[in-house]
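What follows is a set of notes on a single structure, which appears directly below.
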Amino acid sequence: MIRSTEKGMGMMIRRASAIVLILAMIMPLAGCWSRKELNQLAIAVGAGIDKKGDHYRLSIQVVDPGEVASKNGGANRAAATLFTAEAETVFEAARKMSRVAPRKIYFSHLRMFVIDEILAKEGIGPVLDFLSRDHEFRTDFYIVVTRDSTAEDVLKIMTPLEDIPANKLYFSLESSEKNWSPSLTVTLDELIQDMTLKGKQPVLTGLKITGDKKVGKTKRNIENIETYSKLQYSGLAVFKADKLIGWLNDTQSKGYNYIRGLVQSSVGHVPCENGGGNVVTEIIRTKTDMKGLIQKGQPLIKISVYIEGNVAEVSCSDLDLNKESSIFEIEKRDEESIKGFMLSAIKKTQEDFKVDTFGFGEAIRRTHPAFWKTIKEDWEERYFPELPVHITVDFKIRRLGTVNNSFLKDMEE
Amino acid sequence: MLNKSKISSRQFMILTTFFTFGSAILTVPSGIVALAQQDAWIAALIGLAIGIVLIGMYILLAKQHPNKSLVEMMDVLMGKWLGRLIALLFVVSYFLLGPCAVLSILGNFLTTQMMPETPMVSLNILITAVVIMGGYLGIEVLARSSELIIPWGALLFFAFIVLVSFDIKPLNLQPVLENGIAPLGPAVLSFLGTVFLPNIILLMIIPHVNNEDNEAGRALLIGSIIGCVVMIIIIIMTIMVFGPGFTARSMYPTYSLARKISIGNFLQRIEAIIATIWFISLYFRVTIYVYVLSVALAQIFNLKDYRPLLMPLGMLLVVLSQFIYPNIPYEQESDARTWVPFTIIFGLFLPLLLLCLRGFRNMNKN
Numbered sequence: 035m036i037r038s039t040e041k042g043m044g045m046m047i048r049r050a051s052a053i054v055l056i057l058a059m060i061m062p063l064a065g066c067w068s069r070k071e072l073n074q075l076a077i078a079v080g081a082g083i084d085k086k087g088d089h090y091r092l093s094i095q096v097v098d099p100g101e102v103a104s105k106n107g108g109a110n111r112a113a114a115t116l117f118t119a120e121a122e123t124v125f126e127a128a129r130k131m132s133r134v135a136p137r138k139i140y141f142s143h144l145r146m147f148v149i150d151e152i153l154a155k156e157g158i159g160p161v162l163d164f165l166s167r168d169h170e171f172r173t174d175f176y177i178v179v180t181r182d183s184t185a186e187d188v189l190k191i192m193t194p195l196e197d198i199p200a201n202k203l204y205f206s207l208e209s210s211e212k213n214w215s216p217s218l219t220v221t222l223d224e225l226i227q228d229m230t231l232k233g234k235q236p237v238l239t240g241l242k243i244t245g246d247k248k249v250g251k252t253k254r255n256i257e258n259i260e261t262y263s264k265l266q267y268s269g270l271a272v273f274k275a276d277k278l279i280g281w282l283n284d285t286q287s288k289g290y291n292y293i294r295g296l297v298q299s300s301v302g303h304v305p306c307e308n309g310g311g312n313v314v315t316e317i318i319r320t321k322t323d324m325k326g327l328i329q330k331g332q333p334l335i336k337i338s339v340y341i342e343g344n345v346a347e348v349s350c351s352d353l354d355l356n357k358e359s360s361i362f363e364i365e366k367r368d369e370e371s372i373k374g375f376m377l378s379a380i381k382k383t384q385e386d387f388k389v390d391t392f393g394f395g396e397a398i399r400r401t402h403p404a405f406w407k408t409i410k411e412d413w414e415e416r417y418f419p420e421l422p423v424h425i426t427v428d429f430k431i432r433r434l435g436t437v438n439n440s441f442l443k444d445m446e447e
Numbered sequence: 028m029l030n031k032s033k034i035s036s037r038q039f040m041i042l043t044t045f046f047t048f049g050s051a052i053l054t055v056p057s058g059i060v061a062l063a064q065q066d067a068w069i070a071a072l073i074g075l076a077i078g079i080v081l082i083g084m085y086i087l088l089a090k091q092h093p094n095k096s097l098v099e100m101m102d103v104l105m106g107k108w109l110g111r112l113i114a115l116l117f118v119v120s121y122f123l124l125g126p127c128a129v130l131s132i133l134g135n136f137l138t139t140q141m142m143p144e145t146p147m148v149s150l151n152i153l154i155t156a157v158v159i160m161g162g163y164l165g166i167e168v169l170a171r172s173s174e175l176i177i178p179w180g181a182l183l184f185f186a187f188i189v190l191v192s193f194d195i196k197p198l199n200l201q202p203v204l205e206n207g208i209a210p211l212g213p214a215v216l217s218f219l220g221t222v223f224l225p226n227i228i229l230l231m232i233i234p235h236v237n238n239e240d241n242e243a244g245r246a247l248l249i250g251s252i253i254g255c256v257v258m259i260i261i262i263i264m265t266i267m268v269f270g271p272g273f274t275a276r277s278m279y280p281t282y283s284l285a286r287k288i289s290i291g292n293f294l295q296r297i298e299a300i301i302a303t304i305w306f307i308s309l310y311f312r313v314t315i316y317v318y319v320l321s322v323a324l325a326q327i328f329n330l331k332d333y334r335p336l337l338m339p340l341g342m343l344l345v346v347l348s349q350f351i352y353p354n355i356p357y358e359q360e361s362d363a364r365t366w367v368p369f370t371i372i373f374g375l376f377l378p379l380l381l382l383c384l385r386g387f388r389n390m391n392k393n
């Protein structure tokens, strides 16, 4: 009898201690030490930096989750809100923001990082270190530079279609790079790589506000069909290391993207042979090959671009698209025109900026590393401004779309 | 023998693979790229070639002393006192620089990248608890669990490589041999130091391997080669995606690589899942270290069982992993300056010495 109760006691103790152990193990299993609940975070989608005196002014566009999630228009608030703070360093500004923001700012979902033009002229290096060091920042957001306005203002503009302005900037930059091509997506790791290479300097897409800025910041901006104020990408900012030194216009930016082989799809036109109208071609794929060579002890760049396109729009009345020769004619003039874009971009950087934004130096380093070492130090002063660049463009028109000759040809005047 | 447990040669191969790329997957890409820039993968390939010779040496050693662990070999060849003294030195120093360092690397990684507010000690206690459990259950259980886990590890690894290959820029690998062959030397050494030389401690496990057709040696060789190839693929990927500059500056390039995955704005932000690969591999590396070192200690002091040693070793492990590296620059300095010569002493000179001693013995006999 006694023995069996002892046994029962032992069982009970065992069972009780097992339960205690299980309960104790639940705590570490939940792993909720550094937990951050969604309703305790302010999710930053856009960030902008301006320089005010020797202070950085950080503006963060934060999603208003209640407004985004609500189906029937919500409570008439904007889908995002903006917090700003000023401090001597970026990180301090980000933390100082807790004085105005009700929640802790969370950066992992950042889509756009906007740098003010004036700050860019002074140098963006000090700002970028924080972005690459802090663990919340990923490398998948895009970096752009403002043109003629502050970063703060850019983040205040209301946008149609996309409720969250930073999302509009993100998708519009992506689709503009894909379909139009004077803009270019640059992520943090690419930017930092370019800043540290001798033979390749960084570029960033420019962003400007068109129209009435004041109305743009109010809800009125998106109440009409035509918005008062828009955010528009424009040109490429050329950097020397981390300092902005000038801008390429849209044509030159297009040329830049052809040289770098970044054009995926684009549209270009050439005038008709006898004037009065254009032939528009849609470019569907391109391939660029850049080679660094040495000729008589001097560096030389050879670029060959292969482009495939379709006829997209014809407004010439006398063009006979049934003849192969007229296709060859369009191809030839398209080649000339694209070569022109590229040459104008090269001319502008060689004459005005004297910085190697195209990565010509890197091309030479890849093929002739030993030679590159000897010219590396004088590259930008001596070699780059006079660097001969040979461009060959091979444009192939494949299809004409859904009709062959334009009805314009048969139209009675 | 203390312990009669046996594992199959296939299990031994898997354990070797995990052990080989264990901590290297986090630390090697950044370090080797800092030394050899875009040619780091060439250095790794040279490392593979030298590593095969090294493993060949270990296999020869194991063949000369069938069913004997490394400590027992030293016992036989150097005499009881000297042999055990050196074995003790081996155990103590490997304990400091092996499992303590690996645990500290894992803790630092977690607190830097994933859970910055969690104290490292709480993470390390949790991991060490599982490590001690693994050690307590013994080599058979460890080997079987590695066999269970490897398909998932392989699946994750292939998914990782395929998904990240959308971002590669092969031009980053050029120019090949920009600075000649000379800078490859230190890079090869640092690669060998983490990937091949520590495999000497696997000679403690070899007596447990079913060795009917002499297949234990082959398992060691193949396991090491697979682990090394995994490392070479990761090094090439980080260089092609980020370029040498960013890779060398990055603290954990492998994790940055996983962060880069984004397929159609849909399949993205899966780095925490990918990180499972090195949680598993680092776990096996620490556990194998702890198991082997406690068995070695037991053999040195003629204990019947190694298990009572696990708990105190585990406590030491948690404490030491806190301050073995007071800060990150110290860790990098130690990886570069201390670890490599240390592993060369125990991974190259020690087996060479043992081979020579054996040779003298044979000559004397004749």
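Chains C and L, in that order, are what the protein sequence lines are. Each residue of the first sequence is one higher than the last, beginning at 35 in the numbering used here. Each residue of the second sequence is one higher than the last, beginning at 28 in the numbering used here. All residues carry an ideal CB built from backbone N, CA and C; glycine is no exception.
Practice problem: Taking all protein chains shown into account, decide if L:Pro335 is buried (16 or more other Cβ within 10 angstroms of its Cβ) or exposed. | Solution: The sequence position of residue 335 of chain L within the second sequence is 308, counting from 1. By the neighbour-count rule (16 or more Cβ atoms within 10 Å), L:Pro335 is not buried but exposed.
Quiz item: In this structure, does DSSP put C:Ser300 in helix, strand or coil?
Solution: Indexing the first sequence from 1 puts residue 300 of chain C at position 266. DSSP places C:Ser300 in strand when its eight states are reduced to three.
Self-check item: Simplified DSSP state of C:Trp281, which is helix, strand or coil
Solution: For the purposes of this step, residue 281 of chain C is taken as residue 247 along the first sequence, with counting starting at 1. Strand, per DSSP.
Quiz prompt | Contacting residues, own chain, Cβ-Cβ under 7 Å from C:Glu347 (five flanking each side not counted) | solution = Position 313 of the first sequence, counted from the start, is the residue given in the question as residue 347 of chain C. Excluding sequence neighbours, C:Glu347 sits near Val314.
Quiz item: For L:Met142, which residues in chain C fall below 7 Å Cβ to Cβ?
Solution: In the second sequence, residue 142 of chain L corresponds to position 115, counting from 1. Chain C residues near L:Met142: Trp67, Ser68.
Exercise. Measure the CB-CB distance between C:Gly80 and C:Ala271 and report whether it falls below 9 Å.
Key: Within the first sequence, residue 80 of chain C is the residue found at index 46, counting from 1. Within the first sequence, residue 271 of chain C is the residue found at index 237, counting from 1. Not closer than 9 Å, so no.
Self-check item: Chain-ordered chain C contacts of L:Arg245 [CB-CB under 9 Å]
Solution: Start at 1 with the first residue of the second sequence, and residue 245 of chain L comes out as number 218. Going along chain C, no residue has its Cβ under 9 Å from L:Arg245, so there is no contact; the nearest lies around 41 Å.
Exercise. Can you grab the Cα-Cα spacing for the pair L:Val60 / L:Gly374, in whole Å?
Key: Along the second sequence, one-based indexing puts residue 60 of chain L at 33. Along the second sequence, one-based indexing puts residue 374 of chain L at 347. Rounded to whole angstroms, L:Val60 to L:Gly374 spans 23 Å at the Cα level.
Practice problem: Using the Cα positions of L:Asp240 and L:Ala246, report the straight-line distance between them to the nearest angstrom. | Solution: For the purposes of this step, residue 240 of chain L is identified with residue 213 of the second sequence, where counting begins at 1. For the purposes of this step, residue 246 of chain L is identified with residue 219 of the second sequence, where counting begins at 1. If you take the alpha carbons of L:Asp240 and L:Ala246, they lie about 11 Å apart.
Quiz item: Is the region 296-303 of chain C touching the region 204-213 of chain C in the sense that three or more CB pairs, one from each, lie closer than 8 Å?
Solution: yes
Exercise. Could you tell me which residues DSSP pairs with C:Pro305 in its beta bridges?
Key: Looking up residue 305 of chain C in the first sequence gives position 271. C:Asn312.
Quiz prompt | L:His235, buried or exposed, once every other Cβ within 10 Å from all chains shown has been counted against 16 | solution = Counting from one through the second sequence, the residue named residue 235 of chain L turns up at place 208. Label assigned to L:His235: buried.
Self-check item: Chain-ordered residues of the region 257-275 of chain L with a beta carbon less than 8 Å from chain C
Solution: Phe269, Gly270, Gly272, Phe273
Exercise. Check whether the Cβ atoms of C:Gln318 and C:Gly302 sit closer than 9 Å, and answer yes or no.
Key: Sequence index remark: in the first sequence, residue 318 of chain C carries index 284 (1-based). Sequence index remark: in the first sequence, residue 302 of chain C carries index 268 (1-based). The identity of residue 318 of chain C in the sequence shown is Ile, whereas the question assumes Gln. No; because the gap between Cβ atoms is not below 9 Å, this pair is not in contact.
Quiz item: Among L:Gly165, L:Ile227, L:Pro178, L:Met264, which has the Cα closest to the Cα of L:Pro280?
Solution: For the purposes of this step, residue 280 of chain L is identified with residue 253 of the second sequence, where counting begins at 1. Among L:Gly165, L:Ile227, L:Pro178, L:Met264, the Cα nearest to that of L:Pro280 belongs to L:Met264.
Quiz prompt | 6 Å CB neighbourhood of C:Ile429 in its chain, flanking five on each side removed | solution = Numbered from 1 along the first sequence, position 395 holds the residue referred to as residue 429 of chain C. This sequence places Phe at residue 429 of chain C; Ile is not what is there. Counting only Cβ-Cβ distances below 6 Å, and skipping sequence neighbours, we find Ile341, Glu365, Asp368, Glu369.
Practice problem: Please classify L:Asn151: does DSSP put it in a helix, a strand, or coil? | Solution: Taking the second sequence and counting its residues from 1, one reaches residue 151 of chain L at position 124. Reduced to three states, the DSSP call for L:Asn151 is helix.
Practice problem: State the CB to CB distance for the pair L:Thr155 and L:Thr145, rounded to an integer number of angstroms; the pair is presumed to be in contact (CB under 8 Å). | Solution: The sequence position of residue 155 of chain L within the second sequence is 128, counting from 1. The sequence position of residue 145 of chain L within the second sequence is 118, counting from 1. Contact doesn't hold; Cβ gap of about 15 Å is too wide.
Self-check item: Close-in-space but distant-in-sequence residues of the same chain around C:Ser360 (CB under 7 Å, 5 per side omitted)
Solution: On the first sequence, residue 360 of chain C is found 326 positions in, with the first residue counted as 1. Taken in chain order, the residues that qualify are Leu353, Asp354.
Exercise. Determine whether the Cβ of C:Ile226 lies closer than 9 Å to any Cβ atom of chain L.
Key: Taking the first sequence and counting its residues from 1, one reaches residue 226 of chain C at position 192. So, interface residue.
Quiz item: Given that a residue counts as buried once 16 or more other Cβ atoms are within 10 Å of its Cβ, and exposed if not, what is C:Thr391?
Solution: Sequence index remark: in the first sequence, residue 391 of chain C carries index 357 (1-based). Flag for C:Thr391 reads buried.
Practice problem: Kindly say whether L:Pro225, judged by its beta-carbon, lies nearer than 9 Å to any beta-carbon of chain C. | Solution: As a working note, residue 225 of chain L is residue 198 in the second sequence. Not one chain C Cβ lies under 9 Å of L:Pro225.
Quiz item: Hey, does L:Cys383 have any beta-carbon neighbour from chain C nearer than 9 Å?
Solution: Reading the second sequence from its first residue, position 356 is the one you call residue 383 of chain L. L:Cys383 does not count as touching chain C.
Quiz prompt | Option in L:Gly49, L:Val322, L:Leu294 with minimal Cα separation from L:Phe193 | solution = Translated into the one-based positions of the second sequence, residue 193 of chain L becomes position 166. Of L:Gly49, L:Val322, L:Leu294, the residue nearest in Cα terms is L:Leu294.
Quiz item: For the region 286-307 of chain L, which residues have a CB atom closer than 7 Å to at least one CB atom of chain C, in sequence order?
Solution: Arg286, Lys287, Ser289
Exercise. Please report how far the alpha carbon of L:Phe46 lies from the alpha carbon of C:Thr221, in whole angstroms.
Key: As a first step, residue 46 of chain L is located in the second sequence; it is residue number 19 there, counting from the start. As a first step, residue 221 of chain C is located in the first sequence; it is residue number 187 there, counting from the start. Taking the straight line joining both Cα atoms gives about 35 Å.
Quiz prompt | Span of the beta strand (DSSP E), counted from its first residue to its last, around C:Ile341 | solution = Counting from 1 along the first sequence, the entry for residue 341 of chain C is found at position 307. From DSSP, the beta strand (DSSP E) with C:Ile341 extends over 332-348.
Quiz item: Expressed to the nearest angstrom, what Euclidean distance is found between the alpha-carbon atoms of L:Met28 and C:Arg400?
Solution: By one-based count along the second sequence, residue 28 of chain L stands at place 1. By one-based count along the first sequence, residue 400 of chain C stands at place 366. Because L:Met28 carries a pLDDT of 43, less than 50, the predicted location of this residue cannot be relied on, and no value is offered for it.
Quiz item: So the alpha helix (DSSP H) L:Leu72 belongs to, where does it begin and stop?
Solution: Looking up residue 72 of chain L in the second sequence gives position 45. First-last of the alpha helix (DSSP H) with L:Leu72: 67-91.
Quiz item: Can you name the residues that DSSP bridges to L:Ile261?
Solution: In the second sequence, residue 261 of chain L corresponds to position 234, counting from 1. L:Ile261 is not bridged to any residue.
Quiz item: Which ranges would you report for the alpha helix (DSSP H) in the region 368-433 of chain C if only whole runs of at least 4 residues count?
Solution: 394-401, 403-409
Quiz item: Do you know how far the Cα of L:Val257 is from the Cα of L:Val203?
Solution: As a working mapping, residue 203 of chain L is identified with position 176 in the second sequence. As a working mapping, residue 257 of chain L is identified with position 230 in the second sequence. Their backbone Cα atoms lie some 21 Å apart in a straight line.
Quiz item: Within 10 angstroms of its Cβ, does C:Thr436 collect 16 or more other Cβ (buried), or is it exposed?
Solution: Position 402 of the first sequence, counting from 1, holds the residue named residue 436 of chain C. So C:Thr436 counts as exposed.
Practice problem: Taking C:Ser451 as the reference, give the member of C:Leu421, C:Leu72, C:Val249 with the closest Cα. | Solution: Residue 451 of chain C is absent from the structure shown; chain C starts at 35 and stops at 447.
Quiz item: Does the ligand ATP have even one heavy atom less than 8 Å from the beta-carbon of L:Leu153?
Solution: In the structure on display, the ligand ATP does not appear, and there are no ligands present to speak of.
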